[in-house]
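What follows is one structure encoded as structure tokens, with my remarks underneath.
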Ligand code: AR6
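Numbering (the working numbering), first residue to last: 9 to 178.
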């Protein structure tokens, strides 16, 4: 599998699936989530609402992932996953790793060959970027998958540099 780092906007990526850093309501929010729904259009929210009315009545649990259409995005699917809120008193790394693993598992179910990830939990959910980058890269590297290209789409030079450093270390 090829690992790529890109500085840019995840909603512009021409890949089979883009991963959304969602919340358990699946009904939208700020950050990546807001950008995906804005640019992808109402079809995505419609499928999210249907998921809440069926499989995920109680919301999508942290560390899990589920796919919908990508609406008007250049991608075919959006894989929604819920990252953990960072905590100084509790180690939630395993939940963050689970987001990457579960997203790749869903990508495999879909038959996606290229997947774009944001740096899950490193925005509104407060995860330190360096640690978030290490967990993201080490988890994706260790996960067996049919996905041929994983692209990390980093918003800004600082996030890009953190991922570059984590890639060098690993
Ligand atoms: N493309 C790529 N990366 C982005 C983009 C973009 N368009 N916009 C922001 N980022 P966040 P979280 C970066 O806050 O921390 C939402 O309200 C951002 O700089 O999107 O998992 C959800 O509904 C940061 O590095 O997600 C949840 O309630 C990273 O993407 C909550 O935020 C993730 O930031 C989830 O918080």
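Backbone N, C-alpha and C fix where the C-beta goes; we use that ideal spot for every residue, glycine too.
Between the options, which lies nearest to residue i when the distance is taken from Cα to Cα?
{"i": "residue 153", "options": "104, 123, 171, 96", "result": "123"}
{"i": "residue 142", "options": "164, 76, 108, 112", "result": "108"}
{"i": "residue 78", "options": "55, 110, 59, 70", "result": "55"}
{"i": "residue 85", "options": "16, 159, 156, 26", "result": "26"}
{"i": "residue 87", "options": "100, 61, 71", "result": "71"}
{"i": "residue 106", "options": "120, 118, 96, 144", "result": "144"}
Assign residue i to one of three DSSP states: helix, strand, or coil.
{"i": "residue 25", "result": "strand"}
{"i": "residue 174", "result": "helix"}
{"i": "residue 122", "result": "strand"}
{"i": "residue 128", "result": "coil"}
{"i": "residue 86", "result": "strand"}
{"i": "residue 76", "result": "strand"}
{"i": "residue 20", "result": "helix"}
{"i": "residue 5", "result": "This structure leaves residue 5 out entirely; the chain is present only between 9 and 178."}
{"i": "residue 50", "result": "helix"}
{"i": "residue 115", "result": "helix"}
{"i": "residue 97", "result": "coil"}
{"i": "residue 63", "result": "coil"}
{"i": "residue 103", "result": "helix"}
{"i": "residue 164", "result": "coil"}
{"i": "residue 42", "result": "helix"}
The beta strand (DSSP E) with residue i in it runs from where to where?
{"i": "residue 156", "result": "Element bounds for residue 156: n/a, residue is neither H nor E."}
{"i": "residue 8", "result": "Nothing about residue 8 can be reported from this structure: the residues present for the chain run from 9 to 178 only."}
{"i": "residue 11", "result": "10-15"}
For residue i, count neighbouring C-beta atoms within 10 Å of its own C-beta (all shown protein chains included) and say buried if the count is 16 or more, exposed if not.
{"i": "residue 129", "result": "buried"}
{"i": "residue 82", "result": "exposed"}
{"i": "residue 159", "result": "buried"}
{"i": "residue 110", "result": "buried"}
{"i": "residue 131", "result": "buried"}
{"i": "residue 127", "result": "buried"}
Could you pull the start and end residues of the alpha helix (DSSP H) that residue i belongs to?
{"i": "residue 148", "result": "137-150"}
{"i": "residue 35", "result": "Per DSSP, residue 35 belongs to no alpha helix (DSSP H) and is neither H nor E."}
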